[in-house]
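Novice: One structure follows; several queries about it will come next.
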Amino acid sequence: MTGVAATIATERAGASLAGPSDYLALLKPRVMSLVVFTALATMIVAPGGLHPVLAAAALLCIAVGAGAAGALNQWYDADIDAIMVRTRTRPVPSGRIGRQEALEFGGTLAAFSVFAMVFIVNLTAAVLLAATIAFYVFVYTMWLKRLTVQNIVIGGAAGALPPVIGWAAVTGNAFDTLPWLLFLIIFLWTPPHFWALALAGNEDYARAKVPMLPVVKGSRATRNQIVVYTLLLTAAAMAPYALNLAGPVYGATAALGSVGFIAATVMLWFAPADRERVTALRVFAFSIFYLFALFTALATEALIGLAPGAV
Amino acid sequence: MELTPEEKKKQKQRNWAIAAVLAAFVLLVYVVTVVKLGANIMNRPL
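Quick mapping for you: the protein sequence lines, in order, are chains V and Y. Residue numbering for the first sequence follows the numbering used here, starting at 69 and increasing by one per position. Residue numbering for the second sequence follows the numbering used here, starting at 64 and increasing by one per position.
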């Protein structure tokens, strides 16, 4: 049964083959884990005290908000997801969950997470969460993704905001230097991360007519851009240490990690065509490790008292 | 409309999941209320 036919079939009232795991998949749990982790690490670093229960509730709001954005993305992108091999088994294109249901599920959770953030944590964090969801859904998903090769560069701002939300949840303030440096790190990290994945799955994006950089500008231009963004990322990653907003553990991690990341991207730059896919996937995998390492170092420093007075 | 056995099974799983999420939400609201009220939780006329 095709996706569309299956959708119609499962929209008989009460009849659905969707299980709880399908609704969980709508929330893009792997993306959510990165969002939650960067927010958690920033909350640990942020000065001031937030009761652990309220901090956990804030993280839950961020997680649900990010998941809601993922569900709304899958509602809107069901046509693209059905074409791409990587995404065609998702709940909506496979017909286990109807598009309308995904929209209602995502919309409800989005509203719920923002209101819960207002009442449980504070208005600043709630406004930032609402802005993040709105940016991801309206600016990235509905506007930029199908329009420009800069889609994930600009859209990356949505994925970069969770540390600022986490900081605002603890301090009530969104205008300190460190959270925006962390925003910049994730913002500059996003292009090499996604373009490496796009290089590995180029045909998928071409078939779905998504103007990813490798599809529009080709492999060589993409490899150039990956190296450039990784160099910019290195400067941003070192900035918290250089500005004495992070300590030596973070500084060493950022330095070593950046050397590794640059090495991986240079290997990709020199890779022959038949090694491109495997080398690109290596860059993709390393980028995830790199971001986790940076935020782990930052949080660990704060926990063991090695971080300078970070504001 | 008669549901197939597979649809019935999935419906039951969804019902349990909704129940679990609702119970967790009630617990969250309760705990957050206690934390927000803090020591004032006992500060009311008897």
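Even for Gly, the Cβ is constructed at its ideal location relative to N, Cα and C.
Name the residues in the stretch 81-99 of chain Y whose C-beta lies less than 7 Å from a C-beta of chain V; which are they?
Specialist: Leu91, Val94, Val95 and Val98
Novice: Using a 10 Å radius around the Cβ and a threshold of 16 neighbouring Cβ atoms, would you call Ser326 of chain V buried or exposed?
Specialist: Taking the first sequence and counting its residues from 1, one reaches residue 326 of chain V at position 258. Counting Cβ neighbours within 10 Å, Ser326 of chain V comes out buried, since at least 16 surround it.
Novice: Along the chain, where does the alpha helix (DSSP H) containing Phe255 of chain V start, and where does it finish?
Specialist: By one-based count along the first sequence, residue 255 of chain V stands at place 187. It spans Thr245 to Ala268 - the alpha helix (DSSP H) in which Phe255 of chain V sits, taken as one unbroken run.
Novice: Check whether the Cβ atoms of Pro316 of chain V and Leu249 of chain V sit closer than 8 Å, and answer yes or no.
Specialist: What you label residue 316 of chain V is simply residue 248 of the first sequence in a count that begins at 1. What you label residue 249 of chain V is simply residue 181 of the first sequence in a count that begins at 1. Cβ distance not < 8 Å, so Pro316 of chain V and Leu249 of chain V don't count as in contact.
Novice: Starting from the C-beta of Ala114 of chain V, find all residues in its chain whose C-beta is less than 6 Å away, skip the five residues before and the five after it, and write them out in chain order.
Specialist: In the first sequence, the residue the question calls residue 114 of chain V occupies position 46. For Ala114 of chain V, where only same-chain residues beyond five positions count, the Cβ hits under 6 Å are Trp235, Val238 and Thr239.
Novice: Does any residue of chain V have a CB that is nearer than 8 Å to the CB of Met64 of chain Y?
Specialist: Counting from one through the second sequence, the residue named residue 64 of chain Y turns up at place 1. Yes, Met64 of chain Y lies at the interface with chain V (some Cβ there is under 8 Å from its Cβ).
Novice: Quick check on DSSP: helix, strand or coil for Ala378 of chain V?
Specialist: Along the first sequence, one-based indexing puts residue 378 of chain V at 310. Low local confidence applies: a pLDDT of 45 at Ala378 of chain V is under 50, so the model's placement there is unreliable, with the coordinate-based value given in what follows. Ala378 of chain V falls in the coil class under three-state DSSP.
Novice: Determine, using beta carbons only, whether Leu125 of chain V comes closer than 8 Å to chain Y.
Specialist: For the purposes of this step, residue 125 of chain V is taken as residue 57 along the first sequence, with counting starting at 1. It is worth fixing the name first, because residue 125 of chain V is Ala in this sequence and not Leu. Yes, its Cβ sits closer than 8 Å to a Cβ of chain Y.
Novice: So, with DSSP's three-state summary, where would you put Ser162 of chain V?
Specialist: In the first sequence, counting from the first residue as 1, residue 162 of chain V sits at position 94. DSSP places Ser162 of chain V in the coil class of the three-state scheme, outside both helix and strand.
Novice: Checking contacts by CB at 8 Å: is Ala93 of chain V closer than that to chain Y?
Specialist: Here residue 93 of chain V refers to the residue found at position 25 of the first sequence. Ala93 of chain V is outside the set of residues whose beta carbon lies under 8 Å from a beta carbon in chain Y.
Novice: Looking at the secondary structure, which residues open and close the alpha helix (DSSP H) in which Ala370 of chain V lies?
Specialist: Counted from its first residue, the first sequence places residue 370 of chain V at position 302. Counting along the chain, the unbroken alpha helix (DSSP H) around Ala370 of chain V starts and ends at Glu344 to Leu371.
Novice: List, in chain order, every chain Y residue whose beta-carbon is nearer than 9 Å to that of Gly87 of chain V.
Specialist: Residue 87 of chain V sits at position 19 when you count from the first residue of the first sequence. The answer, in chain order, is Lys72, Lys73, Gln76, Arg77 and Ala80.
Novice: Taking all protein chains shown into account, decide if Arg275 of chain V is buried (16 or more other Cβ within 10 angstroms of its Cβ) or exposed.
Specialist: Residue mapping note: residue 275 of chain V aligns to position 207 of the first sequence, counting from 1. The residue is exposed, with fewer than 16 neighbouring Cβ atoms inside 10 Å.
Novice: To the nearest angstrom, how far is it from the Cα of Leu91 of chain Y to the Cα of Leu100 of chain Y?
Specialist: Mapped onto the second sequence, residue 91 of chain Y falls at position 28. Mapped onto the second sequence, residue 100 of chain Y falls at position 37. Their backbone Cα atoms lie some 14 Å apart in a straight line.
Novice: Please report the distance separating the alpha-carbon of Met210 of chain V from that of Ile201 of chain V.
Specialist: To locate residue 210 of chain V, count along the first sequence from 1; it is residue 142. To locate residue 201 of chain V, count along the first sequence from 1; it is residue 133. Between Met210 of chain V and Ile201 of chain V, the C-alpha separation is close to 12 Å.
Novice: Can you pull the chain Y residues whose beta carbon is under 9 Å from the beta carbon of Leu122 of chain V, in chain order?
Specialist: Looking up residue 122 of chain V in the first sequence gives position 54. The answer, in chain order, is Val95, Val98 and Lys99.
Novice: Any idea what DSSP makes of Gln74 of chain Y, helix, strand or coil?
Specialist: Stepping through the second sequence from its first residue, residue 74 of chain Y is reached at position 11. Gln74 of chain Y falls in the helix class under three-state DSSP.
Novice: Going by CA-CA distance only, name the one from Y:Ala102, Y:Asn103 and Y:Val98 that's closest to Leu122 of chain V.
Specialist: Position 54 of the first sequence, counted from the first residue, corresponds to residue 122 of chain V. Nearest C-alpha to Leu122 of chain V: Y:Val98.
Novice: When you compare the stretch 335-351 of chain V with the stretch 260-272 of chain V, are there three or more beta-carbon pairs, one atom per stretch, that lie closer than 8 Å?
Specialist: yes
Novice: Note down, in chain order, each residue of its chain lying with its Cβ closer than 8 Å to the Cβ of Val186 of chain V, except the 5 sequence neighbours on either side.
Specialist: The residue labelled residue 186 of chain V in the question sits at position 118 within the first sequence. Contacts found: Ala194.
Novice: Is there a Cβ of chain Y sitting closer than 8 Å to that of His261 of chain V, yes or no?
Specialist: The residue given as residue 261 of chain V occupies position 193 in the first sequence. By this cut-off, His261 of chain V is not an interface position.
Novice: I'd like to check one pair, Ala83 of chain V with Leu66 of chain Y: are the Cβ atoms closer than 8 Å?
Specialist: Taking the first residue of the second sequence as 1, we reach residue 66 of chain Y at position 3. Taking the first residue of the first sequence as 1, we reach residue 83 of chain V at position 15. Contact: yes.
Novice: Please classify Val221 of chain V: does DSSP put it in a helix, a strand, or coil?
Specialist: On the first sequence, residue 221 of chain V is found 153 positions in, with the first residue counted as 1. Correct three-state label for Val221 of chain V: helix.
Novice: Please report the Cβ distance between Ile112 of chain V and Ile233 of chain V, rounded to the nearest whole angstrom; I am assuming they are in contact, meaning their Cβ atoms lie under 8 Å.
Specialist: On the first sequence, residue 112 of chain V is found 44 positions in, with the first residue counted as 1. On the first sequence, residue 233 of chain V is found 165 positions in, with the first residue counted as 1. That belief does not hold up - the Cβ atoms of Ile112 of chain V and Ile233 of chain V are roughly 14 Å apart, past 8 Å.
Novice: Using the beta-carbon of each residue, which ones in chain Y are nearer than 8 Å to Ile130 of chain V?
Specialist: Taking the first sequence and counting its residues from 1, one reaches residue 130 of chain V at position 62. The contacting residues do not exist; Ile130 of chain V stays about 14 Å from chain Y at best.
Novice: Relative to the C-alpha of Ser89 of chain V, which residue among V:Gly319, V:Arg158, V:Val132 and V:Ala136 is closest?
Specialist: To locate residue 89 of chain V, count along the first sequence from 1; it is residue 21. Of the listed residues, the one whose Cα sits closest to Ser89 of chain V is V:Arg158.
Novice: What is the DSSP secondary structure of Ala86 of chain V, reduced to helix, strand or coil?
Specialist: Translated into positions along the first sequence, residue 86 of chain V becomes position 18. Reduced to three states, the DSSP call for Ala86 of chain V is coil.
Novice: Go ahead and pull the three-state DSSP assignment for Ala77 of chain V.
Specialist: The residue labelled residue 77 of chain V in the question sits at position 9 within the first sequence. Residue placement at Ala77 of chain V cannot be trusted, given a pLDDT of 46 that sits under 50; the coordinates are not used to answer.
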